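In our numbering, the protein residues as written are 14 to 738. Everything below concerns the one structure shown next.
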Amino acid sequence: MRMSAEALYALLPAIYRARDAEQGYPLRELVAVIAEQAAVVEESIEQLYDDQFIETCSEWVAPYIGALIGYRPLHPVGSSGSSRAEVANTIGYRRRLGTASVLEQLARDVTGWPARAVEYFLVSATTQRMNHIRPAHHFAPDLRDWRGLEAAGGAFDPFTRLADMRSIARAGGRYNFPNVGIHLWTIDAFARAGSPAVALDAVRALFSPLGAPLPLFTNPIDEERITHIATPLNVAAPIGRRILHADLVEEDGSAGPRQIYGRNGSGVLQSLAVAVDGAELTADEVEACDLSDEAGGWAHMPAAGGKVAIDPVLGRIALPPDRTGEVAVSFHYGFSAPIGGGPYARAAAFAAAAAGQSVLRVPIDHPTVQAALNALPAAGGIVEIVDNGRYEETIAIAADADSSIEIRAADGFNPHLALAGDLVVSGAADADGNRETRVTLDGLLISLRPVVVPDDGSNALKSLSIRHCTLVPGRSLGADGQPAQPGALSVSAELPGLELEMTGCITGPVGAVRDASVAIEDSIVDAAAADPAESAEGIAYADPAGTDFGGPLTLRAVTVFGKIMAERFDLVSDSLLVARLGAADSWTAPVRSERRQVGCMRFSWVPPGSITPRRYRCQPQLAIDSAIAARESELGGPVGSAERQAIERRFTLRIVPSFTARRYGRPAYAQLRRSVPNEIRTGASDESEMGGFHLLYAPQREANLKIRLDEYLRFALEAGLFFET
Numbered sequence: 014m015r016m017s018a019e020a021l022y023a024l025l026p027a028i029y030r031a032r033d034a035e036q037g038y039p040l041r042e043l044v045a046v047i048a049e050q051a052a053v054v055e056e057s058i059e060q061l062y063d064d065q066f067i068e069t070c071s072e073w074v075a076p077y078i079g080a081l082i083g084y085r086p087l088h089p090v091g092s093s094g095s096s097r098a099e100v101a102n103t104i105g106y107r108r109r110l111g112t113a114s115v116l117e118q119l120a121r122d123v124t125g126w127p128a129r130a131v132e133y134f135l136v137s138a139t140t141q142r143m144n145h146i147r148p149a150h151h152f153a154p155d156l157r158d159w160r161g162l163e164a165a166g167g168a169f170d171p172f173t174r175l176a177d178m179r180s181i182a183r184a185g186g187r188y189n190f191p192n193v194g195i196h197l198w199t200i201d202a203f204a205r206a207g208s209p210a211v212a213l214d215a216v217r218a219l220f221s222p223l224g225a226p227l228p229l230f231t232n233p234i235d236e237e238r239i240t241h242i243a244t245p246l247n248v249a250a251p252i253g254r255r256i257l258h259a260d261l262v263e264e265d266g267s268a269g270p271r272q273i274y275g276r277n278g279s280g281v282l283q284s285l286a287v288a289v290d291g292a293e294l295t296a297d298e299v300e301a302c303d304l305s306d307e308a309g310g311w312a313h314m315p316a317a318g319g320k321v322a323i324d325p326v327l328g329r330i331a332l333p334p335d336r337t338g339e340v341a342v343s344f345h346y347g348f349s350a351p352i353g354g355g356p357y358a359r360a361a362a363f364a365a366a367a368a369g370q371s372v373l374r375v376p377i378d379h380p381t382v383q384a385a386l387n388a389l390p391a392a393g394g395i396v397e398i399v400d401n402g403r404y405e406e407t408i409a410i411a412a413d414a415d416s417s418i419e420i421r422a423a424d425g426f427n428p429h430l431a432l433a434g435d436l437v438v439s440g441a442a443d444a445d446g447n448r449e450t451r452v453t454l455d456g457l458l459i460s461l462r463p464v465v466v467p468d469d470g471s472n473a474l475k476s477l478s479i480r481h482c483t484l485v486p487g488r489s490l491g492a493d494g495q496p497a498q499p500g501a502l503s504v505s506a507e508l509p510g511l512e513l514e515m516t517g518c519i520t521g522p523v524g525a526v527r528d529a530s531v532a533i534e535d536s537i538v539d540a541a542a543a544d545p546a547e548s549a550e551g552i553a554y555a556d557p558a559g560t561d562f563g564g565p566l567t568l569r570a571v572t573v574f575g576k577i578m579a580e581r582f583d584l585v586s587d588s589l590l591v592a593r594l595g596a597a598d599s600w601t602a603p604v605r606s607e608r609r610q611v612g613c614m615r616f617s618w619v620p621p622g623s624i625t626p627r628r629y630r631c632q633p634q635l636a637i638d639s640a641i642a643a644r645e646s647e648l649g650g651p652v653g654s655a656e657r658q659a660i661e662r663r664f665t666l667r668i669v670p671s672f673t674a675r676r677y678g679r680p681a682y683a684q685l686r687r688s689v690p691n692e693i694r695t696g697a698s699d700e701s702e703m704g705g706f707h708l709l710y711a712p713q714r715e716a717n718l719k720i721r722l723d724e725y726l727r728f729a730l731e732a733g734l735f736f737e738t
């Protein structure tokens, strides 16, 4: 029990306190100092006790507790690198050594991805012993088992297969007695609640706030026991039409256990829900349906008096003609990483309002963003949007001298600014002409128009910071998922001297004048051509007109689809510059710097033919140089020009980035394929992957899992990793 300075002082004899009062209380001040130091000692003693337990110990103590039980540390993943959970579970793991349940739990704890362990001897074709008959172990699949057919080829495939003699770890073989498969889901599910659906007409609407096709994902249900083996509801996976139908109504017509549509007993959204005119529809009022395109409309539209139809594959909603109204949706969508804004945690980076500033909430304090901006005091402040609404307005940010303004989404929200005009950002200079005004955009989805910092003669904005925003590549998406304005600028920095910073963003092309500086980190910049394969030929960065060099550019862990022309590269690190020249291109290089004597490019993929500063360990040049050096070592002299050209051609064609999806709006957008060479997958400065998903540290997660599998697999068993998404 801690003693306060007042309590300690009260224990002194009264005569000492009386004399102390006569002399101005020096003794009381001394007691206060002693009490403060005693509190430090007491707190240290309490922490020493807490450090004996893994649940309460300091972070630095966790490895020492792990050493006591033989825990082997792993590669650090990102900034956290915490081993507390795994150390705490180590004893439980070892008690269940070699079981499928512990391998599955290890995969989840080590990688942070949902996982399922599959023992392939259970689904390998065998001649059954009469003393141990397995009736479900059919040699041929049951074609009436629609659940099995939906899951065929994946982690939940129940069908028996012939033996596969290839190694599961090296060659991808699966069906054999010693094989265990660890199936992983690397695409996460992000929630979007209370979002207005985009109406095509009175009876057709779409889940996507941009009005594009959008596959809906399940919200994974946490597994409560280590002995539990994952089911389809425990992973983030696309929702099939038959799956949604079975969730709403069982095949025999009886009510089923609804775990996808609606809310659970606590009122928490499960995976998706639809509301019409503010009233959320019950599961009995909706049905799963195939609403694919047909004859200029949608197939299987509901008739009058029917149920509301939902297509989870395309993200479409069809209303009966007699039940129309404003449609709002709550759902989960899939994406690989917490960038571009969304329900993930961002509050740690929020700035507090300074003295004289206000925090105004939309739509609580003001109905529109512009109304809140107009109500801010001269010192500026924060406009915080506290819903996932759609705001169709023209926004102009004009910051007074020595002020700062921030428009941000509240933590857990991602509002949509469907701009009616350019989002113009400007600031005023102080009486001495100094530029100190700053503007920040955080957590927003911005479409239809660009963010513009004009040079109108009076604009004196110092910096514009854009964090965790999506400035839709192509300005917006059509009902077919194609960009509405291919190649159109998302950000136009026309003001000389401007400092533009973008972190955790997805954006279309960026234009900046020569005297403006641009720094982009953990982001994706997409030129957004009509054909995604041609985005590399579009312009991702240049001056606003696209005809001259843009301002000094810094890229840290960025994936760029499109050509770049910068006055200089201050730093390009851990990035993928996916660019190439078109057939009749006026550019002389896909990536070009006017000043090559300054700046640095390191640990990045730079397309051949680029004109850049000196590169350090950049691909594919690093692989070419290494191969030539090895060949010269074999020959004992220089290689010939023909052989040199052959080596350059071979590695230029082999070491290229390829992606699961190149079109914005797809769940696997900008995700590297599994077939990408290790020179790219582990080519960053910390041996993570290059590009915008560097922050995931996927190679380290995989390496850590392989280390743990070697430790926990039973003798003679072999494990392989399979990525479901």
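All C-beta atoms, glycine included, are put in the ideal place defined by N, C-alpha and C. Values in this document were obtained by computation on a predicted structure and should not be read as measured data.
Which residue's Cα is closest to the Cα of residue i: the options?
i	options	result
A558	A149, R187, F582, A525	A525
T337	N717, S698, A215	A215
Q684	F706, I668, L666, N691	F706
E19	G37, R41, A31	R41
P428	N401, G434, G185	N401
D413	K475, A365, F344, A51	K475
P463	A732, G487, Y629, G456	G487
S96	T124, R109, R108, E117	T124
G207	L304, E339, E72, G440	E339
D598	L590, E550, R205, I577	E550
S606	S417, M578, Y629	M578
What whole-angstrom Cβ distance do residue i and residue j have, given they're in contact under 8 Å?
i	j	result
A542	S536	Actually they are not in contact, since the Cβ atoms of A542 and S536 sit about 19 Å apart, beyond 8 Å.
S114	H241	7 Å
D201	R254	Actually they are not in contact, since the Cβ atoms of D201 and R254 sit about 23 Å apart, beyond 8 Å.
V531	A553	In fact, because the Cβ distance is near 12 Å, the residues do not count as touching under 8 Å.
T572	T199	Going by Cβ atoms, the distance from T572 to T199 rounds to 16 Å, so no, they are not a contact pair.
G575	A225	In fact, because the Cβ distance is near 21 Å, the residues do not count as touching under 8 Å.
A301	L327	With 8 Å as the limit, A301 and L327 do not qualify as a contact, their Cβ atoms being about 12 Å apart.
Y404	A431	7 Å
According to the neighbour-count rule (16 or more other Cβ atoms, all chains shown, within 10 Å of its Cβ), is residue i buried or exposed?
i	result
S742	Summary: the structure shown does not reach residue 742, with the chain confined to residues 14 through 738, and so no result is reported for it.
F728	exposed
S17	exposed
G704	buried
W126	buried
S471	exposed
P712	buried
E99	buried
T220	The identity of residue 220 in the sequence shown is Phe, whereas the question assumes Thr. Looking at its Cβ environment, which holds 16 or more other Cβ atoms inside 10 Å, F220 is buried.
L601	The displayed chain sequence assigns Thr, not Leu, to residue 601. By the neighbour-count rule (16 or more Cβ atoms within 10 Å), T601 is not buried but exposed.
P26	exposed
F344	buried
L508	buried
T244	exposed
T625	buried
W73	exposed
Let me know the secondary structure DSSP gives residue i once reduced to three states.
i	result
N102	helix
F152	coil
E700	coil
K719	helix
Y629	strand
R290	The sequence as given places Asp at residue 290; Arg does not occur at that position. The answer is coil: DSSP assigns D290 none of H, G, I, E or B.
T520	strand
N691	helix
P26	coil
R662	helix
Y710	coil
S476	strand
P545	helix
Could one say the Cβ of residue i lies closer than 8 Å to chain D's Cβ atoms, at least one of them?
i	result
I146	Within the model displayed, chain D is absent; a lone protein chain is all it includes.
**Study point:** Minimum length 4: unbroken alpha helix (DSSP H) runs contained in the region 107-147
**Key:** Taking 4 residues as the shortest admissible run, the region 107-147 contains the following complete alpha helix (DSSP H) segments, listed from N- to C-terminal end: 113-124.
Practice item. Counting only runs of 3+ residues fully inside the region 417-470, write out the beta strand (DSSP E) ranges in chain order. Key: Correct list: 417-422, 429-431, 436-440, 450-455, 458-460, 464-466.
**Study point:** Whole runs of the alpha helix (DSSP H) within the region 238-262, excluding any shorter than 4 residues
**Key:** The region 238-262 contains, as complete alpha helix (DSSP H) runs of 4+ residues, the segments 254-261 (chain order).
Practice item. At 4 residues or longer, and completely inside the region 333-405: list those alpha helix (DSSP H) runs for me, N to C. Key: Fully enclosed alpha helix (DSSP H) runs of 4 or longer: 382-387.
Exercise for review: Could you pull out every unbroken beta strand (DSSP E) segment of at least 3 residues lying fully inside the region 550-626, listed in chain order?
Suggested key: Counting only runs of 3 or more, we get 552-555, 566-574, 576-579, 582-586, 589-591, 604-606.
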